[in-house]
Amino acid sequence: MSIKKSTYLFSFLLSVGLISLLTYQWAHEAFDREKVDYQLYSAEVVAQELAHYEKSKSTKLITIPTGIFIESFFFENPVVFNITGIIWQKWSLDLPASLEPGFVLPEKIETADTYTEELIYEETLDGGEKLYGWYFEAHIRQSMDYTEFPFDHKKIELRLLPKQWQSNAVLVPDFDSYLKKNLLADSFGIDERIILDGYDLTDTYFDYLRQPYDTNFGFPNYVGTEEFPELVFNIHLQRSVENAFIIYLFPIIIVLLLLFGTMLTVTSDAQKRERMDFNISMIIASCSALFFILVLAHVELRDRFITSPIVYIEYFYLLSYGAIFYVAANSYMFCEAGSGVIGKLLAFEDNLLAKAAFWPSLLVIANLFTYAAIFD
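Going by our numbering, the residue at position 336 of the sequence shown is 1048; the numbering climbs one at a time, nothing skipped.
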């Protein structure tokens, strides 16, 4: 086997191994489930949590059973999502008259166009307990981390407060109203037919947010300054990577293949140069065209995440820019190199070393930044 064939075979086998390693890293992250360390899944767990708070703060809490059912959800932009559904409360007869049925979504954007709340049912249950249900539509602003896109996970936190949030009333999950038996393992409180564009639902659960405040909001007896338990309904989403790969990564692969094809035309053989119409101007023009295509796609991607730091898939654009420069610089040096060491290396078997190193070099870099960005 000739040196050229052996070198290309080694480059091919090394590239296959590096592609396998990169694919393994992607698969590991794509199928990885975010672990939930703490959640409320039964009335007993809630009672223990509240009893601990009451003991530590020497106070008595008033509990209001509250449930939620999500009917629709979508992201309007990277930090704002629209959510609709039903929230209900069971109102015991022994609750203080100073309290009123209702709830507050503290993170909502409240304007005439962005928030709707309507009482849709009011019933008296056995024993005289009142049941209230509201339909709501809200735009919620929440900080999101997109740095691992398209392998990012989203934890949507819908914070719920009682209408008299300055009181010692606390919302507790109305577990009795959910029909699923194992709330610790199953998703609940969300329409099973819900459309989550580009995402898969992985989990839903309740927990308490211990939110400290450095003010009493003017209320002398406000109890919420020291880690008061605020009920949160959590929705865990995992992005479907297929669409992102097709839209963003596939064009990059095509550009890199075209770059490699362009690089293969670099030769010192006069007959091959004439047959392939090789000249340095053609190489530079091809690289410029591919660079322009990539920049347009990169700008469109950056517009999606304008508020976020650099996201994972952007590293492939940066890698591609480097590959374009590599091909252009190598082609120019091949044509202009003299008889020195660099000239001899480039002339060896018609630029064999630079051509054979193209894919392994790119894949080594891709594996390194994948490990650093995703597994850091």
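No residue lacks a Cβ here, since even glycine has one placed at the ideal position from N, Cα and C. The model shown is predicted, which means the values in this text are computed figures rather than measured ones.
Straight-line Cα distance separating residue j from residue i
{"i": "Q760", "j": "L908", "result": "35 Å"}
{"i": "L725", "j": "F1081", "result": "21 Å"}
{"i": "I1018", "j": "F1003", "result": "21 Å"}
{"i": "S754", "j": "N789", "result": "35 Å"}
{"i": "L896", "j": "Q878", "result": "31 Å"}
{"i": "G839", "j": "Q801", "result": "15 Å"}
{"i": "G930", "j": "Q876", "result": "14 Å"}
{"i": "L837", "j": "L843", "result": "7 Å"}
{"i": "I959", "j": "C999", "result": "21 Å"}
{"i": "H740", "j": "L1074", "result": "21 Å"}
{"i": "S770", "j": "H1010", "result": "57 Å"}
{"i": "F887", "j": "G845", "result": "16 Å"}
{"i": "T828", "j": "N794", "result": "11 Å"}
Sequence-distant residues of the same chain with beta carbon closer than 8 Å to residue i, five excluded per side
{"i": "N1079", "result": "L730, L733, L734, Q737"}
{"i": "E1061", "result": "I715, K716, T719"}
{"i": "R1016", "result": "P790"}
Chain-order list of residues whose beta-carbon lies under 7 Å from that of residue i (same chain, five-residue window excluded)
{"i": "T719", "result": "L1064, A1068"}
{"i": "E819", "result": "I852, R853, Q854, R871"}
Whole-number beta carbon distance between residue j and residue i, since they are thought to touch under 8 Å
{"i": "F1028", "j": "I1086", "result": "About 13 Å separates the two Cβ atoms, so there is no contact after all."}
{"i": "L971", "j": "V1076", "result": "With a Cβ gap of about 17 Å, L971 and V1076 do not count as contacting."}
{"i": "V748", "j": "D864", "result": "The pair is not a contact, with the Cβ atoms about 17 Å apart (cut-off 8 Å)."}
{"i": "V953", "j": "M856", "result": "About 17 Å separates the two Cβ atoms, so there is no contact after all."}
{"i": "T826", "j": "S1020", "result": "Actually they do not touch by this definition, with Cβ atoms about 22 Å apart."}
{"i": "Q751", "j": "Y917", "result": "4 Å"}
{"i": "I947", "j": "I902", "result": "7 Å"}
{"i": "V882", "j": "L762", "result": "7 Å"}
{"i": "I799", "j": "I780", "result": "5 Å"}
{"i": "V884", "j": "V728", "result": "Their Cβ separation, rounded to whole angstroms, is 56 Å, which puts V884 and V728 out of contact at 8 Å."}
CB contact flag (residue i, residue j, <8 Å)
{"i": "I852", "j": "L873", "result": "no"}
{"i": "L949", "j": "Y911", "result": "yes"}
{"i": "T778", "j": "F815", "result": "yes"}
{"i": "Y847", "j": "E822", "result": "no"}
{"i": "Q923", "j": "F900", "result": "no"}
{"i": "A1035", "j": "L969", "result": "no"}
{"i": "L961", "j": "I868", "result": "no"}
{"i": "E835", "j": "W803", "result": "no"}
{"i": "S1032", "j": "L1006", "result": "yes"}
{"i": "P862", "j": "R951", "result": "yes"}
{"i": "T979", "j": "I995", "result": "no"}
{"i": "I992", "j": "I906", "result": "no"}
Residue i (DSSP reduced to helix, strand or coil)
{"i": "T977", "result": "coil"}
{"i": "I907", "result": "coil"}
{"i": "Y833", "result": "strand"}
{"i": "Q774", "result": "The displayed chain sequence assigns Ile, not Gln, to residue 774. Strand at I774."}
{"i": "Q751", "result": "coil"}
{"i": "V1023", "result": "coil"}
{"i": "K767", "result": "helix"}
{"i": "P808", "result": "coil"}
{"i": "W877", "result": "coil"}
{"i": "K892", "result": "coil"}
{"i": "D857", "result": "coil"}
{"i": "V953", "result": "helix"}
{"i": "V967", "result": "helix"}
{"i": "P885", "result": "strand"}
{"i": "G779", "result": "strand"}
{"i": "N946", "result": "strand"}
{"i": "S899", "result": "coil"}
{"i": "T1089", "result": "Coverage of the chain is limited to positions 713 through 1088, which leaves residue 1089 absent and any answer about it impossible."}
{"i": "D919", "result": "strand"}
{"i": "I715", "result": "helix"}
{"i": "F863", "result": "coil"}
Same chain, Cβ closer than 6 Å to residue i, neighbours up to 5 away in sequence not counted
{"i": "S784", "result": "T796"}
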